[in-house]
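Structure, as structure tokens:
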Amino acid sequence: MRNSFEKTRASRALLLVFVCLLLLLFVSFSTSVSAQADNDSDTPADSILALAAPAPVTDLKAFDTDNDHGHSITIEWTLSADDGAGANSVISYEIMRWEPFVRDSVMAARDSLGWVQARINKFEKEIPLAEESLDEVLTGQPVLDSLSFLVAYDEKDTSFVLTSEYVDKTLRDTIAVMQRDLPVLKVRAPLLPARFDSLLILLPKEYGKYPDAIIGRFDSVGTAVSGATSHENSSAVDSRSMGFIPDLIDYYYRIDVQTSNPNIRTSSETVGPVQSSGQWFNSGLVPVLIAILIFTILTMIFVQLAKKGMDLYVRPLAGIEAVDEAIGRATEMGRPILYVLGLGSAADIATIASFTILGRVAKKVAEYQTELNVPCYDPIVMAVAQEVVKSAFIDAGRPEAYKDDIVHFITNSQFAYVGAVNGIILRDLPATNVYMGKFFAESLILAETGAVAGSIQIAGTDEIPQIPFFFVACDYTLIGEELFAASAYLGREPQLLGSLKAQDYAKAVLLASAIIGIILINIFPETGETFKSWFEVID
Amino acid sequence: MEMISIWIAAILTLGIFSFLYKDNPLYKACEALFVGVSAAYWAIVFYFDNIYKKFYEGAVTADEPDYFLWIGAILGLLFLTRLIPKIGWVSRWPMALIVGATAGLWMVGYFVSNAMNQIGSTISGIIVYDTATGFVAWGETFGSLVILVGVLSGLVYFFFSKEHKGVFGATAKVGTWFLMVTFGASFGYTVMSRMSLLIGRVDFLLGDWLGILR
Chain A
462 MRNSFEKTRA SRALLLVFVC LLLLLFVSFS TSVSAQADND SDTPADSILA
512 LAAPAPVTDL KAFDTDNDHG HSITIEWTLS ADDGAGANSV ISYEIMRWEP
562 FVRDSVMAAR DSLGWVQARI NKFEKEIPLA EESLDEVLTG QPVLDSLSFL
612 VAYDEKDTSF VLTSEYVDKT LRDTIAVMQR DLPVLKVRAP LLPARFDSLL
662 ILLPKEYGKY PDAIIGRFDS VGTAVSGATS HENSSAVDSR SMGFIPDLID
712 YYYRIDVQTS NPNIRTSSET VGPVQSSGQW FNSGLVPVLI AILIFTILTM
762 IFVQLAKKGM DLYVRPLAGI EAVDEAIGRA TEMGRPILYV LGLGSAADIA
812 TIASFTILGR VAKKVAEYQT ELNVPCYDPI VMAVAQEVVK SAFIDAGRPE
862 AYKDDIVHFI TNSQFAYVGA VNGIILRDLP ATNVYMGKFF AESLILAETG
912 AVAGSIQIAG TDEIPQIPFF FVACDYTLIG EELFAASAYL GREPQLLGSL
962 KAQDYAKAVL LASAIIGIIL INIFPETGET FKSWFEVID
Chain B
6 MEMISIWIAA ILTLGIFSFL YKDNPLYKAC EALFVGVSAA YWAIVFYFDN
56 IYKKFYEGAV TADEPDYFLW IGAILGLLFL TRLIPKIGWV SRWPMALIVG
106 ATAGLWMVGY FVSNAMNQIG STISGIIVYD TATGFVAWGE TFGSLVILVG
156 VLSGLVYFFF SKEHKGVFGA TAKVGTWFLM VTFGASFGYT VMSRMSLLIG
206 RVDFLLGDWL GILR
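Protein sequences, first through last, are from chains A and B.
Heads up: the first sequence is residues 462 to 1000, going by the numbering used here.
Heads up: the second sequence is residues 6 to 219, going by the numbering used here.
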């Protein structure tokens, strides 16, 4: 009995000790949590909340971006005193541009009407003329909580009339401004027989007036990181816009200095108005002008020398030497010659060079009375090629042998054209295939088919990615500029020879410039960088 | 309807592939269909995009007609004088305008990208230093040397006024090697991209058509 009592006492004592330990543990845990909480009170979040407003940017300037086609305004400023110094709290600069409310108004109605860029007083959108959709447009859309567009359709002059009505009665001052500044908006939609028609909204220019804060507001048009002192603004409405800002329209800018707390920012003073416009003369391209002048003078000198009969040496090109041999082979075999001008237009330099070579080939063909086939991809190229071949036949003294069918149009679709030419190669089995001009993905398909057909193949293009394909499948390949040299070599005309010579000398000048630049930049880095900058122009 | 489209596309695809064996009536039919459809398609596209939308709606029916478009229209009509042999020579005027205007427009662009910028990029320090350690970065230095030698020897290869003999010829030979290596790399790259086109077609045949691939 006694033992049992003692056991119970011991158990109680143990339980008491255990409870005390638990209490001790709880107290110590609470203390540590409390201490942790005390420590946590001094977190970055608190320091963010405690940020002082940063100093604004100074010397803010906004001006039309120089040496461009317009549609861009450059903003420059002096850094905030808290950017990299002072409180060092600046993380970025937000470029704010004043926008009239009308943009919001129209954007709010975009679901039915579309939207218009700020200060563009013309808006055009295709809308379905189906009854239900038209009704949807005509019901009018609530805009900006306070402004509605009411669209009415005038049957007499078949046009829509869009009027604005201010409905928010609480903003009386705003109403006054809006009523004064918002005349009737006219929407004209000429009714065409097509199902889709064009809706044209003419917004009055009064919408774009500044600086009345009531009818406009500042919107963000870009962000610059801390340390930046300039920004080029070319977006039409905001940083998400894909369009460019219109020229000759007044803009107003300010810069907001941003900190890590989005609520703590400082705005600069507003600058403006400023307008963007294109420049007639791009002074950044002066080095190019000088280079082109030098090249032009060289060309004129060599053309004159060629005209006076000076023998201007041009090294032989294997591909061109092979042309005569290939035409002779075709004559002997009694099989035609296929001449492909590529997919370029008549204005491409490679196609123009190809015309000269075609003239030479056609003349030889006329002399040897061989058959020539020139399938064309472009109708204008076909017309020019017909002229070239016709002239060549006349020069060869065989005008009666010329037929318009020699040069013929296939199609304006790349792979359909390739399919047709492949068919010609396999059915006519030409002895020689000449591919000269601009080629793209079809180069290997054509050349491979020609190789399968057993034709001698001569190719030339300035499309560098296609040259490897011609290399592997053709007997002779003219690489890039060799095509142009070939036309001069074959034509032997003073203009072509003169320009080829001028090109060579221009290359020599560029080569010398590169060597001088490399020496300078390695020995006198600053001078070298200046010299290098003459060549780093942007078109 | 979709099933019919898939079947037609599959048969036409196989018809074009049959050319790999040899020219055959099926390929001829596919080729004729392709050429005919594409020619008609582009004729319609050109008519609606250029003659109707651009010219007719822009210069004839527009509220504020763009009268400059009439110049293009007249030049286009002059092109058709080729059909009248007596005044066919007039068609050379629009051709001359196209060729001359494009050459002029491209002159500056080509000069900047193909000549000036190339030289600007070549002018760089031959010995490249590691900004972290300050020692010579051998890999980058080798790269800059390769670019330098490649550009200079490549330019020499494209000199046409001098025969490729002696030191000049040897330099041009180096240029040729650079060109060949570049073409080889370009060839491999493009072949791989063409493989993806083939995979696309096979995927269509086995997936959309036969339903073997899911």
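Just so it is clear, CB atoms sit at the ideal spot from N, CA and C, and this is done for glycine as well.
Per-residue burial, residue i [other beta carbons within 10 Å of its own, 16 or more giving buried]
i, result
"V835 of chain A", "buried"
"K170 of chain B", "exposed"
"W143 of chain B", "exposed"
"Q765 of chain A", "exposed"
"N724 of chain A", "exposed"
"Y26 of chain B", "exposed"
"P714 of chain A", "The identity of residue 714 of chain A in the sequence shown is Tyr, whereas the question assumes Pro. Buried: at least 16 other Cβ atoms inside 10 Å."
"S502 of chain A", "Here S502 of chain A scores only 45 on pLDDT, less than 50, and its place in the model should not be relied on; the value that follows carries that caveat. Its Cβ having fewer than 16 others within 10 Å, S502 of chain A is exposed."
"T988 of chain A", "exposed"
"M843 of chain A", "buried"
"P986 of chain A", "exposed"
Separation of residue j from residue i, as counted between CA atoms
i, j, result
"S737 of chain A", "L833 of chain A", "56 Å"
"L804 of chain A", "P748 of chain A", "33 Å"
"W741 of chain A", "M6 of chain B", "57 Å"
"T187 of chain B", "I976 of chain A", "23 Å"
"F51 of chain B", "A857 of chain A", "38 Å"
"Q830 of chain A", "A783 of chain A", "18 Å"
"I56 of chain B", "P840 of chain A", "16 Å"
"N29 of chain B", "A37 of chain B", "12 Å"
"L972 of chain A", "F116 of chain B", "15 Å"
"L961 of chain A", "V849 of chain A", "21 Å"
"L85 of chain B", "F53 of chain B", "19 Å"
"E909 of chain A", "W214 of chain B", "29 Å"
"E793 of chain A", "E828 of chain A", "13 Å"
"F870 of chain A", "I76 of chain B", "26 Å"
"L661 of chain A", "D68 of chain B", "A caution first: L661 of chain A carries a pLDDT of 37, below 50, which makes its placement in the model too unreliable to give a value."
"E990 of chain A", "T727 of chain A", "39 Å"
"P797 of chain A", "G212 of chain B", "43 Å"
"A791 of chain A", "I917 of chain A", "9 Å"
"E861 of chain A", "G93 of chain B", "18 Å"
"S201 of chain B", "T195 of chain B", "10 Å"
"T136 of chain B", "E145 of chain B", "12 Å"
"I855 of chain A", "N122 of chain B", "45 Å"
"F992 of chain A", "N743 of chain A", "19 Å"
Where the beta strand (DSSP E) through residue i begins and ends
i, result
"D717 of chain A", "Y712 to Q719"
"C837 of chain A", "L833 to C837"
"W538 of chain A", "I534 to T539"
"V732 of chain A", "V732 to V735"
"A920 of chain A", "I917 to T922"
Nearest-angstrom beta carbon gap, residue j and residue i [assumed within contact, 8 Å]
i, j, result
"L184 of chain B", "K968 of chain A", "15 Å between Cβ atoms; not a contact."
"I781 of chain A", "Y950 of chain A", "6 Å"
"Y838 of chain A", "N873 of chain A", "7 Å"
"A846 of chain A", "L802 of chain A", "6 Å"
Residues that DSSP places opposite residue i in a beta bridge
i, result
"D680 of chain A", "A:R558"
"K27 of chain B", "Its beta-bridge partners do not exist; DSSP assigns none."
"F870 of chain A", "A:C837"
"V141 of chain B", "B:Y134"
"R726 of chain A", "A:Q719"
"K522 of chain A", "A:E537"
"N983 of chain A", "Per DSSP, none; premise fails for N983 of chain A."
"V801 of chain A", "A:Y896"
is_contact[residue i, chain C] using C-beta, thresh 8 Å
i, result
"E36 of chain B", "The question asks about chain C, but that chain is absent: this structure's protein chains are A and B."
The alpha helix (DSSP H) enclosing residue i, as first and last residue numbers
i, result
"D208 of chain B", "G171 to D208"
"A881 of chain A", "Q875 to D889"
"Y950 of chain A", "E942 to G952"
"P929 of chain A", "I928 to A934"
"T910 of chain A", "S904 to V913"
"F900 of chain A", "First-last for F900 of chain A: undefined, no H or E at that position."
"Q123 of chain B", "N122 to T127"
"L759 of chain A", "V747 to K768"
"I103 of chain B", "R97 to Y115"
"T817 of chain A", "I810 to Y829"
"R790 of chain A", "A779 to M794"
"S10 of chain B", "E7 to F22"
Proximity test, residue i beta-carbon vs the ligand FMN heavy atom, cut-off 7 Å
i, result
"K27 of chain B", "Summarising the ligand content, the structure contains no ligands, and the ligand FMN is consequently not present."
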